[in-house]
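The next block holds one structure in the form of structure tokens; read it before the comments.
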Amino acid sequence: MIKAEMLSHSESPASKEVSQMVAYQFKNCLPHSKGESQLHVLAFQGESDKLKQLLILIRAEPNRLNAINQRNRLGCTPLRLAATSGHLDCLNLLLEAGASVDISDVKCQTPLFVAIKNRRYECAEKLLQAGACPEGDSSNSSTPLYVAFMNRDLRCLLLLLEYGAHPDQLTHSVQFLPTKYTPKITSLRAAVDYLNGPEDTYKAVRALLIRGCNIDNFTYHSIIYQDNERLVDLLYNFGLDSTTRDVNNRLASELDLNNQAKRKLCLLRKWLLFPV
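Numbering (UniProt numbering), first residue to last: 1 to 276.
Shown next as structure tokens:
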């Protein structure tokens, strides 16, 4: 009793809030002892024919949506499990039956989030068509867009932008989560650093710029180091400032390099300073 009282007195308000938040994440989940419902099992295993028959059986039930959207012990709905495994037929059946598209698991991962994470492009596309939020759950520190960058997945990246993902929204500000765990990278920096090859990088940067991506904190220096002449031209046409200096007080055009990207930037700056 004394130890319990000491613990309760020593527990900080922040710890209590974190405990309450964790408990809330498990709200309405099936007890661990009950495992999965039959809908969960069939959706995860991709048994579309059996899933279809089961959905027909519960169609007339007054609480059918509760069953379809039931979260298992880890907060996963049948739709979330179908998206995880990439079972498009099962995902379509569940959506047609009225499954909610944005119910998160206990890790605040929406069906769209896990579809992007597991590179299930067709499932992600279907979820977005059904109205899934492209930003994911605001209680998750990362957005689906950030996951697409981390996966070096240009197709999913362009898909998210096509369906309205904010070009600068890579993270969410999550209460109780230390800021050191929140990624600090910008979208343009992620495109340049993460994507494979100059062609994918160019397509990603172009898509971000077209959708109004913030360019204020980006410079030409990394583009010059990569010798990506097309990106220099693209960023210049979108108004990226060429007078920004690096930590060594050098302009990108002053870097000790001799490549096509630097020559292109020098030429563009010459036109800017001495227009014909």
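Positions of the beta carbon are idealized from the N, C-alpha and C atoms, including for glycine.
None of these values were measured; they are calculated from a predicted model.
Requested in this report: Tell me residue 251's beta-bridge partners as DSSP assigns them.
Outcome: 245
Query raised in the report: Which one of 197, 222, 138 and 263 has the shortest CA to CA distance from residue 246?
Result: The shortest Cα separation from residue 246 among 197, 222, 138 and 263 belongs to 222.
Report task. Please name the residue in 125, 193 and 140 whose C-alpha comes closest to that of residue 150. Result -> Out of 125, 193 and 140, 193 has the C-alpha closest to the C-alpha of residue 150.
Report task. Identify which residue in 68, 74, 114 and 129 has its Cα closest to the Cα of residue 99. Result -> Nearest option by C-alpha distance: 68.
Query - the segment 104-111 contacting the segment 152-171, beta-carbon criterion three pairs below 8 Å - result: no
Query raised in the report: With DSSP run on the structure shown, which of helix, strand or coil describes residue 73?
Result: coil
Requested in this report: Rank 189, 140, 204 and 200 by C-alpha distance to the C-alpha of residue 220 and give the top, closest one.
Outcome: For residue 220, the closest C-alpha among the options 189, 140, 204 and 200 is that of 189.
**Report entry** Pick from 185, 80, 63 and 90 that is closest to residue 46, judged by C-alpha positions
**Finding:** The shortest C-alpha separation from residue 46 is found at 90.
Report task. Sort out for me which residues DSSP pairs residue 142 with in a bridge. Result -> 171
Report task. Note down, in chain order, each residue of its chain lying with its Cβ closer than 7 Å to the Cβ of residue 85, except the 5 sequence neighbours on either side. Result -> 44 and 46
Query raised in the report: So, helix, strand or coil for residue 92, using DSSP?
Result: helix
Query raised in the report: Quick one: Cα of residue 207 to Cα of residue 81, how far?
Result: 30 Å
Query raised in the report: Does the distance from the C-beta atom of residue 137 to that of residue 102 stay below 9 Å?
Result: yes
Query raised in the report: Exposed or buried, residue 184, counting other C-beta atoms within 10 Å across all chains shown (16 or more means buried)?
Result: exposed
Query raised in the report: So what's residue 201 in DSSP terms, helix, strand or just coil?
Result: helix
Report task. Give the DSSP-derived three-state secondary structure of residue 120 in the structure shown. Result -> coil
Query raised in the report: Using DSSP with H/G/I as helix, E/B as strand and the rest coil, what is residue 355?
Result: The structure shown does not extend to residue 355, since the chain is modelled only from 1 through 276, so no value can be given for it.
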